[in-house]
Amino acid sequence: MDVPLLDLQAQYRTIAEELDAAVMDVVRSQRFVLGEHVERLEAELAERLGVVHAIGCASGTDALLLPLRALDLAPGDHVIVPAFTFFATAGAVWNAGLRPVFADVDPRTFNVTAETIAAAMTPRTRAVVVVHLFGQMAPMAPIVELAEARGLHLIEDAAQSIGARQRIRGEWRESGSLGLVGSLSFFPTKNLGAFGDAGMITTSDDALADRLRKLRVHGGRQMYHHEMVGTNSRLDAIQAAVLRAKLPHLDTWATARRDNATRYDEAFAGLDGVSPPLVAPENDHVYNQYTVRVEDRDATRGRLEEAGIGSGIYYPVPLHLQQCFSELGYARGDFPVSERLAGEVLSLPVYPELTGAQQDRVISAVTRGR
Ligand SMILES: *Cc1c(COP(=O)(O)O)cnc(C)c1O
Numbered sequence: 427m428d429v430p431l432l433d434l435q436a437q438y439r440t441i442a443e444e445l446d447a448a449v450m451d452v453v454r455s456q457r458f459v460l461g462e463h464v465e466r467l468e469a470e471l472a473e474r475l476g477v478v479h480a481i482g483c484a485s486g487t488d489a490l491l492l493p494l495r496a497l498d499l500a501p502g503d504h505v506i507v508p509a510f511t512f513f514a515t516a517g518a519v520w521n522a523g524l525r526p527v528f529a530d531v532d533p534r535t536f537n538v539t540a541e542t543i544a545a546a547m548t549p550r551t552r553a554v555v556v557v558h559l560f561g562q563m564a565p566m567a568p569i570v571e572l573a574e575a576r577g578l579h580l581i582e583d584a585a586q587s588i589g590a591r592q593r594i595r596g597e598w599r600e601s602g603s604l605g606l607v608g609s610l611s612f613f614p615t616k617n618l619g620a621f622g623d624a625g626m627i628t629t630s631d632d633a634l635a636d637r638l639r640k641l642r643v644h645g646g647r648q649m650y651h652h653e654m655v656g657t658n659s660r661l662d663a664i665q666a667a668v669l670r671a672k673l674p675h676l677d678t679w680a681t682a683r684r685d686n687a688t689r690y691d692e693a694f695a696g697l698d699g700v701s702p703p704l705v706a707p708e709n710d711h712v713y714n715q716y717t718v719r720v721e722d723r724d725a726t727r728g729r730l731e732e733a734g735i736g737s738g739i740y741y742p743v744p745l746h747l748q749q750c751f752s753e754l755g756y757a758r759g760d761f762p763v764s765e766r767l768a769g770e771v772l773s774l775p776v777y778p779e780l781t782g783a784q785q786d787r788v789i790s791a792v793t794r795g796r
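Take 427 as the starting number for the sequence shown in this note's numbering and just add one per residue.
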């Protein structure tokens, strides 16, 4: 592929020495489990987000699952999640013994809104997982207000949105800092990617943070004394060292992604059959994906492939229509926006190291014949 959807080798080349040194630091210490790099990364991220606690864990999926298990929820309680998101958002709810209740999304931003969440409310709804999809935050002011009015736990799935911000009442707020819990992923394709799986939970609730720290090490503060049944979901020390080396570059990378997005926006403005993503005026988008809606999506994707250009379909099947959730009783037609998006979305290369020449090739392949 001449222009891949994401080029991790290109990123690695720009800071290889720093990354190699970070890995070797842990190798030389032979301290692989928790320890200094994990603690420092937790402190650095808590500070950056403006939250009291950041708790490293094994993956973004566990960063959703552990809080759902730590909260005072009863088996079968309803948790609202978007119908249009990565599977883990709803899978974590299911695996916590809770019932995913789907909400539709806004067709222009791909995110849930206070209105679509309100429409999904049931008498058993106890929590909402809001996803900031593709790197743009959902409209949090009205969502926080709704959650407070209804007494719902609010979890932000910030797996794709580290560094994204939203201006609320004149103040910039970080993605993952507005709910009771924020869930981050450092899967290699995210904007801050580890050399494998890793995740982080953020919260400013002391008691919840305490439960989460126990849950990630089999439910005890002290070895071999278990207050609850937890699991092994620690953030690996090598991953923490890699992430600490990458963190100072995160904002530069986000700016490069944003510049690439702006070039696409300009090239696609007014183009027949292609809708660039809408950025809400209060948002700083970090473009984990640059996702357009295309009427002849599959043909366009074919043209890209012929031209040696990678692209992605996130996501081809909305979650209410997944086979594994058939017993929840949803049907086609329940969430028309999510269903339409599944047939129209196309994500294009937007990674920071994408060159101007590469981007020109993407643009010409998308615009050709329109
Ligand atoms: C990647 C992702 C997750 C899961 O993160 P992992 O680290 O891969 O487990 C959860 N939610 C969303 C929206 C994601 O994009």
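Virtual Cβ for every residue (Gly too), placed ideally from N, Cα, C.
Excluding residues up to 5 positions away in sequence, R534 and T535 lie with their Cβ nearer than 7 Å to the Cβ of L704 in the same chain.
Every residue whose Cβ sits closer than 6 Å to any heavy atom of ligand 1 is listed here in chain order: S485, G486, T487, T511, F512, A514, T515, V557, D583, A585, Q586, S611, F613, D623 and G625. Beta bridge pairing from DSSP links T542 with no other residue. In the three-state scheme derived from DSSP, where H, G and I count as helix and E and B as strand, R787 is classed as helix.
The stretch 512-532 and the stretch 633-651 do not touch, with fewer than three beta-carbon pairs separated by less than 8 Å.
The beta-carbon separation of A522 and T628, rounded to 18 Å, does not stay under the 8 Å limit for a contact.
Scanning the stretch 659-713 for uninterrupted alpha helix (DSSP H) segments of 4 residues or longer gives 663-672 and 676-694, listed from N- to C-terminal end.
Between V429 and I789, the C-beta spacing is not below 7 Å. When the beta-carbon positions are compared, S737 and R723 stay at least 7 Å from each other. In the DSSP assignment, R794 falls outside any beta strand (DSSP E) and carries neither an H nor an E. Contact between R758 and L747 holds: CB atoms are separated by about 6 Å, below the 8 Å threshold.
If you ignore the 5 residues before and after V452, its C-beta comes within less than 7 Å of the C-beta of F458, H463, A663, I664 and A667, all in its own chain and listed in chain order. Counting only runs of 3+ residues, the beta strand (DSSP E) found wholly inside the stretch 508-591 occupies 525-529, 551-557 and 579-583, in chain order. According to the DSSP secondary-structure assignment, A480 is paired through a beta bridge with T628. Between the stretch 433-448 and the stretch 566-584 there are fewer than three C-beta pairs closer than 8 Å, too few to call the two in contact. Secondary structure at T781: coil, using DSSP grouped into helix, strand and coil.
Cβ atoms of G605 and I581 come within 8 Å of each other, at about 5 Å. Secondary structure note for G728: its alpha helix (DSSP H) is the uninterrupted segment R723 to E732.
The C-alpha of A447 is placed about 45 Å away from the C-alpha of F751. Around R660, the same chain offers V459, L460, V464, G482, C483, A484, R642 and V643 as residues with beta carbons nearer than 8 Å, after the five sequence neighbours per side are excluded.
G769 carries a helical assignment under DSSP once its states are collapsed to helix, strand and coil. Within the model, the alpha-carbon separation for A671 versus E468 is close to 13 Å.
One Cα belongs to S701, the other to H711, and the distance between them is close to 17 Å.
Rounded to whole angstroms, the separation of the alpha carbons of N537 and P775 is 21 Å.
Around the beta carbon of D503, 16 or more other beta carbons lie within 10 angstroms, which makes this residue buried.
At the C-beta level, L610 and A584 come within 7 Å of one another. Taken through DSSP and simplified to helix, strand or coil, H652 comes out as coil. Using a 10 angstroms sphere on the CB of R599, the tally of other CB atoms reaches 16 or more, which defines it as buried. Among the bridge pairs identified by DSSP, R637 is matched with none.
Sixteen is the threshold: when 16 or more other Cβ atoms of the shown chains lie within 10 Å of the Cβ of Q586, as they do, the residue is buried.
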